[in-house]
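Chemist:
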Amino acid sequence: DVKVTQSSRYLVKRTGEKVFLECVQDMDHENMFWYRQDPGLGLRLIYFSYDVKMKEKGDIPEGYSVSREKKERFSLILESASTNQTSMYLCASSPGYNEKLFFGSGTQLSVL
Amino acid sequence: DQQVKQNSPSLSVQEGRISILNCDYTNSMFDYFLWYKKYPAEGPTFLISISSIKDKNEDGRFTVFLNKSAKHLSLHIVPSQPGDSAVYFCAASSGAGGKLIFGQGTELSVKP
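These protein sequence lines map, in sequence, to chains A and B.
Numbered per our numbering, the first sequence spans residues 1 to 112.
Numbered per our numbering, the second sequence spans residues 1001 to 1112.
1) Beta carbons nearer than 7 Å to chain B: which residues of the region 99 to 111 of chain A have them?
2) Exposed or buried, what is residue 1112 of chain B when buried is set at 16 or more other beta-carbons lying within 10 Å of its beta-carbon?
3) Along chain A, in chain order, which residues have C-beta atoms closer than 8 Å to that of residue 1060 of chain B?
4) Check this for me: beta carbons of residue 1021 of chain B and residue 1006 of chain B, under 9 Å apart or not?
5) Which residues of chain A have a Cβ atom closer than 7 Å to the Cβ of residue 1100 of chain B, listed in chain order?
6) Tell me residue 1080 of chain B's beta-bridge partners as DSSP assigns them.
7) Compute the Euclidean distance between the alpha carbons of residue 19 of chain A and residue 1070 of chain B, then round it to the nearest angstrom.
8) Within 9 Å (strictly less), CB to CB, does residue 1008 of chain B reach chain A?
9) I'd like to know if residue 1034 of chain B contacts chain A, where contact means its C-beta is closer than 9 Å to some C-beta of that chain.
10) Tell me whether residue 90 of chain A is buried or exposed, calling it buried when 16 or more other Cβ atoms sit within 10 Å of its Cβ.
In structure tokens form, the structure reads like this:
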């Protein structure tokens, strides 16, 4: 069965901390994505990657960076966490273009 | 600029009746549309999709209709069940970019 695993379900960090959100997929998918979900705003794309070591900015990349050193792993990095980055973060993967996305369970991040 | 819009934040329906969730889009290049369902504290799960070459796709109790001239799609759930209570997101992509753009979501409540 398809599996996208996010390392933490809940995370509490302080303003200014560097935060790493990890995501691993076991489906050998080419594409991986990071979204954030906020009430009334839906899911907004932060970054995505079509291949190892490749990354593309999504709609709201400011304050974030990503790393994809291996095909199965896609990390989201908050260089200096701020309170407006408190959100639900969702990782997803897909086998290719115009294919459905498979999502992880999400990480609820609170920045205090 | 919101390319995919779900104008109803919430919908309440009686068990056994039809639920109709609506979605509008602005980008005429979109050629693949999907609906996702999300329970609290879980990642979204794929429900049903439709390609722009079709105007209807059915899967059990779920039917998606696409009206390309109006740039509108809808999800029909018949009959609605209490377990259908969740947030529903519509999403769209174009072959050129491949990334999914999501709407804001509609929270469906099916009352027994």
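Ideal Cβ positions, reconstructed from N, Cα and C, are used throughout, including at glycine.
Modeler: Let me spell this out:
1) 100, 101, 103, 104, 105, 106
2) That one is exposed.
3) Per Cβ cutoff of 8 Å: no residues; residue 1060 of chain B is ~17 Å from chain A at best.
4) yes
5) Result: 101.
6) Residue 1080 of chain B is not bridged to any residue.
7) Rounded to the nearest angstrom, the two C-alpha atoms are 43 Å apart.
8) no
9) Interface residue, yes.
10) buried
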